[in-house]
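Remarks on the structure that follows.
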Amino acid sequence: MDHLPHAHSFNEIRLCLMVRICSACGKGPLEIQGEAVAPARSGPVAIETRCKSCNAAHPMEFFCDAPLQGEQGQCLVINPGRQPSRIVDLGQWLSLCDLMMIESRQAALPAQARLAACQAALCLQEALKFYAPHEQLPPPTAFFLSDVPYHAAPEQFAQDHLRALLARLPSTGQHTPAPAPRRAWWQFWKSKPPSQ
Numbered sequence: 014m015d016h017l018p019h020a021h022s023f024n025e026i027r028l029c030l031m032v033r034i035c036s037a038c039g040k041g042p043l044e045i046q047g048e049a050v051a052p053a054r055s056g057p058v059a060i061e062t063r064c065k066s067c068n069a070a071h072p073m074e075f076f077c078d079a080p081l082q083g084e085q086g087q088c089l090v091i092n093p094g095r096q097p098s099r100i101v102d103l104g105q106w107l108s109l110c111d112l113m114m115i116e117s118r119q120a121a122l123p124a125q126a127r128l129a130a131c132q133a134a135l136c137l138q139e140a141l142k143f144y145a146p147h148e149q150l151p152p153p154t155a156f157f158l159s160d161v162p163y164h165a166a167p168e169q170f171a172q173d174h175l176r177a178l179l180a181r182l183p184s185t186g187q188h189t190p191a192p193a194p195r196r197a198w199w200q201f202w203k204s205k206p207p208s209q
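In my numbering, the protein residues as written are 14 to 209.
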C-alpha cells in the first residue's frame, strides 16, 4: 500500500480531483463517476473518474485514512492533523480556495454560499500547513505538483497575507449549530412562561 497516494480524508480526494490535470488533453478537472462513498476504515480506495473536458477515463486508487465520526458526502473535514497534504500542493490549495470563493459568490442560497466559504477557509488552512511557524515564504518543495513562480510575486504567498485572507472568511467551526446557552440554577424562572 506504500505506493498509493495517501489521502487524509475522502474529501481531500474530491478536492484533489478538482485540480488534477488530465493526461489525455492537458485540461480537466477530473470528476468521480457514479456515487462515491467514503470508506468505513483505512485502506485503498478505487475511484473511476473522467475528464470533464475530453471525457477520457482515469481509474485512480488512493490510500485513504479512516474517516472521522460522522464523515460522509460533502463533509467539510479535509485533514484533522498538522501534516500537509501529499496529494494537493500549496499552489493547488490556493487555486481551490479561489474556486470555492467563486462558488460562494455565485451560490443561489445563503447556506450554499456559507458552505463554500467555509471550504475556502479550510483550503487556506491546508495551504498554511506547508509553512514553518516563523517563515514568511514556503519552501520550494511545497509546490511538488504545480508550477507556480512564487518568487515573482512573493507577497502573494507570504504567510501573513494568507492569514489575513483567512481572517476574512467564516470560521470553519461555525457550520455546526451552536449549543444552547446554559442557565445557572438560580435562573430557572427565566424558562417559565409568565403567570396568567
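Ideal Cβ positions, reconstructed from N, Cα and C, are used throughout, including at glycine.
| Asked | Found |
| --- | --- |
| Less than 8 Å separating the beta-carbons of ALA59 and CYS38? | no |
| Are CYS77 and SER98 closer than 8 Å when you measure CB to CB? | no |
| Would you call the segment 16 to 26 in contact with the segment 97 to 111, where contact means no fewer than 3 C-beta pairs closer than 8 Å? | yes |
| Between CYS136 and the rest of its own chain, which residues show a CB-CB distance below 8 Å, the 5 nearest in sequence each way excluded? | LEU28, ILE91, TRP106, LEU107, LEU109, CYS110 and MET113 |
| Nearest to GLY41 by CA position, among PRO153, THR62 and GLN132, is which residue? | THR62 |
| Should GLN125 be labelled buried (16 or more other beta-carbon atoms within 10 Å of its own) or exposed? | exposed |
| Can you name, in chain order, every residue of its own chain whose Cβ lies under 8 Å from the Cβ of CYS67, other than the five neighbours on each side? | CYS35, ALA37, CYS38 and LYS40 |
| Could you check the C-alpha separation between ALA121 and GLN132 for me, to the nearest Å? | 17 Å |
| With distances taken Cα to Cα, identify the nearest neighbour of PRO52 among LEU43, GLU74, MET31 and GLU44. | GLU74 |
| Give the DSSP-derived three-state secondary structure of PHE170 in the structure shown. | helix |
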